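Contents: one structure, followed by commentary.
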Amino acid sequence: MNSFDINFYKLVYAVVQKIPKGKVTTYGMIAQATGFKNMARQVGFALHANPHPDQIPCYRVVFADGSLSQAFAFGGINKQRQLLEEDGVLFDKNGKIMPQFFCEIQEITL
DNA sequence: AATTTGACGCTTT
DNA sequence: AAAAGCGCCAAAT
1 MNSFDINFYK LVYAVVQKIP KGKVTTYGMI AQATGFKNMA RQVGFALHAN PHPDQIPCYR
61 VVFADGSLSQ AFAFGGINKQ RQLLEEDGVL FDKNGKIMPQ FFCEIQEITL
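Per the numbering used here, residue 1 is the first one in the first sequence, and the count goes up by one each step.
This is the structure in C-alpha cells:
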C-alpha cells in the first residue's frame, strides 16, 4: 500500500462513477482523466480489483475500439454486453459499441 | 533484483 | 480492412 495508488485507484473509481447511464468510456480515457495518460492497463487492473461492483459501473468501461474486455470478471463479456444494452447502448454488427455512446470525461483531482 | 504478466492502446504490416 | 508488433507501467512471482 504505497502512496501511489490510493490516489490512483480512488480517481479511477471516481471517474467510473461519473459515467452516465447509457454512455461508456475507455480505459485510456480514464487514465487520461486521472492524469496518468499511459496507464490504461493499470486502470483495468484497478477495475479488476473493484471492491464495490454494486457502486462502480465497471461494465461501462470498454476498449478504445469499442469492443469489450475479454476478461470481464463479473459474469463474462456476455453479461457486460447485456448490462450495456439495458442502459440503452447499441452495438454494431461487429460487436463494437457505436461512437455516439462514448462520453467525454473531465479531469478530476482529490 | 530480475523476469513475466496483464480488464490497454497506438503504429506498422 | 484485419492482424501483428511494440510500448506502456505496476503487480506478482
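All C-beta atoms in this analysis are idealised placements derived from N, C-alpha and C, irrespective of residue type, glycine included. These figures come from a predicted structure and were not determined experimentally.
Beta bridge counterpart(s) of residue i as assigned by DSSP
i: T109; result: Looking at the DSSP assignment, T109 forms no beta bridge with any residue, so it has no partner.
i: T34; result: Answer is none; T34 lacks a bridge partner.
i: F101; result: Answer is none; F101 lacks a bridge partner.
i: F91; result: I97
Contact under 9 Å by Cβ, residue i with residue j
i: F102; j: K37; result: no
i: A33; j: L11; result: yes
i: G35; j: E86; result: no
Heavy atom of the ligand ADP within 8 Å of residue i beta-carbon
i: G95; result: As presented, the structure is devoid of all ligands, the ligand ADP included, so that no description of it is given.
Counted within 10 angstroms of its Cβ, other Cβ atoms place residue i as buried (16 or more) or exposed
i: A71; result: exposed
i: I30; result: buried
i: L84; result: buried
i: P20; result: exposed
i: S3; result: Legend: pLDDT at S3 = 49, less than 50; position of this residue unreliable, no value from coordinates given.
i: P57; result: buried
Inset, instruction - State whether the stretch 89-105 contacts the stretch 62-76, with contact taken as three or more CB pairs (one from each stretch) at a distance under 8 Å. - result: yes
Inset, instruction - Spell out a yes or no on whether the stretch 41-54 and the stretch 10-23 are touching, meaning 3 or more CB-CB pairs, one atom from each, closer than 8 Å. - result: yes
Legend entry - Touching by the beta-carbon criterion (3+ pairs, under 8 Å), the stretch 48-62 and the stretch 74-83: yes
Inset, instruction - At 4 residues or longer, and completely inside the stretch 14-68: list those alpha helix (DSSP H) runs for me, N to C. - result: 27-33 and 40-48
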